[in-house]
Structures are given as C-alpha cells and as structure tokens.
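Participant: Numbering (my numbering), first residue to last: 672 to 971. All C-beta atoms, glycine included, are put in the ideal place defined by N, C-alpha and C.
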C-alpha cells in the first residue's frame with residue numbers, strides 16, 4: 672500500500688475548518704442581534720419608560736433613540752397625545768325616564784405622571800379608570816334633570832359631567848380636554864309623547880297668532896269705521912245747515928204762491944213784513960213794501 676504524501680497532508684491541515692466558518696457566522700449574527708437590541712426608539716407624541724426584568728424605572732424618556740441593556744431591558748411607550756374614549760351609559764332622569772347616553776371623552780396623559788399611571792394602573796386605563804368613571808358620573812348627573820331638560824340643556828349637562836369627570840380623572844393624572852354627549856336616547860313612548868307635545872305647542876302657537884291677527888284686523892276695522900263715522904258726521908252737519916236754509920226758502924216760496932197781493936189789515940198792530948229779496952233776482956222790480964202801499968192807497 673502506498674503511503675500518504677506528507678505534502679498533501681500539510682496542505683489539508685493549513686486549510687480553514689468548516690466549523691470555524693459556522694461559528695464565525697453565528698458570532699456575527701449574535702453581534703447584530705445584540706446591536707439591534709441595544710437601543711430603543713420613542714415615537715413622537717409618546718414618552719418612554721425603562722422596564723428591567725419586569726420592573727419599571729421612573730426615568731421618563733423623551734421622543735428619540737435611547738440605549739438599553741439588550742434582552743433583559745425594554746422600553747414601554749406611553750401615548751401623551753389627545754386620545755378618545757367612548758362609553759355607553761344607561762341611566763334614569765329625574766322623572767324616571769330611562770336614558771341611554773353615548774359619551775366621548777377626549778383626554779391626555781400628563782407626561783411627568785406616566786410612570787405613576789403605568790405602575791399603579793397599567794396600560795389598560797381606558798377600561799379600568801375612564802369608562803367606569805364616565806358611567807358613574809353620567810348616572811349621577813342625569814338623575815338631577817327631567818328628561819326634557821336633558822335635551823334642551825345639553826350643553827349645561829355636558830359641562831357638569833365634564834367638571835365632575837375632570838376632578839375624578841385628575842387623581843390619576845389624566846387630563847380631560849373635552850366631553851361630547853353624542854346622543855341621548857329615550858324610550859319610544861317618551862319620544863312619541865314629546866312629538867305629540869311639540870305638535871300641540873305648534874297648534875297652540877298658530878291659534879295664538881291667528882287670534883292676534885284677528886284682533887289687529889278688528890282694531891283696524893274699528894278705526895276705519897270710526898274715521899268713516901266722523902267723516903259722515905261732519906258731512907251731516909254741512910248738509911243740515913244747507914237743508915235748513917233750503918226749507919226756509921221752500922216755506923217762503925209756498926207762502927208767496929198763496930199770497931193774493933194784499934197785506935192783512937191788523938188794527939193797531941205792526942205792519943207785517945215779508946222779505947222777498949230771496950226770490951227776486953237782481954234788476955227785477957221789487958214789490959212795494961207795506962208802508963208804501965198804504966201811502967199809495969191814501970192818495971187814491
């Protein structure tokens with residue numbers, strides 16, 4: 672049997688072992704993984720908290736890149752932007768009408784209190800704090816108002832709920848920005864009664880307006896009648912004066928028609944005198960008066 676060539680054996684010993692290559696690749700991958708796990712990014716509108724072996728660190732991290740211990744340390748992000756929590760609540764009004772309310776709360780987390788909130792409550796503070804507080808306060812406030820006032824005074828009710836909720840959530844460093852009562856929902860029977868009442872009010876208002884219109888028209892008619900009566904009264908006065916004068920003339924004309932031209936003789940009395948000027952036009956020879964006629968008779 673031919674012995675192995677010592678030169679070939681030396682060449683094989685000088686070559687790279689496959690295991691070394693594999694280990695090198697593994698080492699590089701480990702370094703890459705460690706590198707990627709040695710930092711964390713806090714997004715804009717958030718703050719970060721270190722969590723080491725399940726324990727939170729009170730140091731609050733601002734938005735940006737931060738170093739951390741790989742594998743056993745992480746960064747929890749807490750949203751400090753305005754967020755919305757929507758809650759459905761069932762309550763009763765002062766007049767015991769069932770009311771279903773949908774409330775939307777805009778709130779934010781105070782940055783400096785992120786550690787306290789996450790350490791004491793956790794990330795599910797919507798369901799743990801906000802929703803139960805909204806339901807309780809809505810029931811408390813709606814019980815102070817009749818059902819109709821909840822509709823007519825929606826802004827006042829919303830402000831009262833906001834004041835109570837702001838004070839409640841401030842204990843947990845949650846800042847209430849705005850509260851919107853999206854909807855008040857009542858029973859079908861109540862809605863029908865409200866609709867009937869509105870129809871009755873509209874009819875009453877129409878009747879009242881019609882009455883006012885009739886009263887105004889009546890006043891106008893009375894004023895017009897009074898004006899016409901006053902006008903007729905003035906006309907009557909004028910006509911009456913002319914009519915009296917006409918009657919006087921008419922009487923004198925009738926007397927003149929019956930007169931035979933002789934004056935009545937009255938012993939020892941005054942001579943009667945009839946004014947005929949009203950019947951004789953200008954330029955007409957006048958009838959002799961009583962004294963002249965008497966003198967003429969004496970001369971004859």
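(1) Just tell me which of 744, 700, 777 and 895 has its CA closest to the CA of residue 727.
(2) Taking 8 Å as the threshold (C-beta atoms), are residue 818 and residue 886 in contact?
(3) Given a cut-off of 8 Å, decide if residue 704 and residue 779 are closer than it, judged by their beta-carbon atoms.
(4) Which of helix, strand or coil does DSSP assign to residue 756?
(5) Who are the Cβ neighbours of residue 812 in its own chain at under 8 Å, not counting the five residues just before and after it?
(6) Just verifying my parser: in three-state terms, what is the DSSP assignment at residue 711?
(7) Just verifying my parser: in three-state terms, what is the DSSP assignment at residue 772?
(8) Let me check one thing: in DSSP terms, what residues is residue 762 bridge-paired to?
(9) Contact between the segment 714 to 726 and the segment 737 to 757 is defined here as three or more beta-carbon pairs at a separation below 8 Å; is this criterion met?
(10) In terms of alpha-carbon separation, which member of 929, 749 and 918 lies closest to residue 797?
(11) Buried or exposed: residue 715, going by 16 or more other Cβ atoms within 10 Å of its Cβ?
(12) How big is the Cα-Cα spacing for residue 962 and residue 928?
(13) Excluding sequence positions up to five away, which residues of its chain have a Cβ less than 8 Å from the Cβ of residue 770?
(14) How is residue 721 classed by DSSP in three states: helix, strand or coil?
(15) With distances taken Cα to Cα, identify the nearest neighbour of residue 853 among 816, 785 and 772.
(16) Once DSSP output is grouped into helix, strand and coil, what is the label at residue 828?
(17) Going by C-alpha to C-alpha distance, which of 730, 843, 802 and 755 sits closest to residue 792?
(18) Compare the C-beta of residue 737 with all C-beta atoms of chain C and state if any pair is closer than 8 Å.
(19) Are residue 809 and residue 777 closer than 8 Å when you measure CB to CB?
(20) Taking the C-alpha atoms as reference points, what is the distance between residue 799 and residue 876?
(21) Quick check on DSSP: helix, strand or coil for residue 735?
(22) Output the boundary residues of the beta strand (DSSP E) element that contains residue 749.
(23) Taking 7 Å as the limit between beta carbons, can you name the residues of its chain near residue 737, skipping five residues before and five after?
(24) Quick one: what does DSSP say residue 857 is sitting in, helix, strand or coil?
(25) Which one of 788, 699, 902 and 734 has the shortest CA to CA distance from residue 717?
(26) From residue 708 to residue 700, what distance separates their C-alpha atoms?
(27) How should residue 801 be labelled, buried or exposed, when 16 other C-beta atoms within 10 angstroms of its C-beta is the threshold for buried?
(28) Quick one: what does DSSP say residue 902 is sitting in, helix, strand or coil?
(29) First and last residue of the alpha helix (DSSP H) that includes residue 795?
(30) Measuring alpha carbon to alpha carbon, tell me which of 921, 848 and 882 ends up nearest residue 755.
Facilitator: Answer, in terms of the structure:
(1) For the set 744, 700, 777 and 895, the Cα lying nearest the Cα of residue 727 is the one of 744.
(2) no
(3) Against a cut-off of 8 Å, the Cβ pair of residue 704 and residue 779 comes out as no contact.
(4) strand
(5) 828, 831, 832 and 835
(6) Here residue 711 sits in strand by DSSP.
(7) Note: residue 772 maps to strand in three-state DSSP.
(8) 770
(9) yes
(10) 749
(11) exposed
(12) Note that residue 962 has pLDDT 45, beneath the 50 cutoff, so the model's placement of it is unreliable and no number is given.
(13) 761, 762, 763, 764, 813, 818, 821, 855, 856 and 857
(14) If DSSP states are grouped into helix, strand and coil, residue 721 belongs with the strands.
(15) Residue 853 has its Cα closest to that of 772, out of 816, 785 and 772.
(16) helix
(17) 843
(18) Of the chains in the structure shown, none is chain C; there is only one protein chain.
(19) no
(20) 51 Å
(21) strand
(22) Per DSSP, residue 749 belongs to the beta strand (DSSP E) from 744 to 750.
(23) 710, 711, 713, 719 and 746
(24) coil
(25) The closest CA to that of residue 717, considering only 788, 699, 902 and 734, is found on 734.
(26) 12 Å
(27) buried
(28) If DSSP states are grouped into helix, strand and coil, residue 902 belongs with the helices.
(29) Looking at the DSSP string, residue 795 is not in any alpha helix (DSSP H), and its letter there is neither H nor E.
(30) 848
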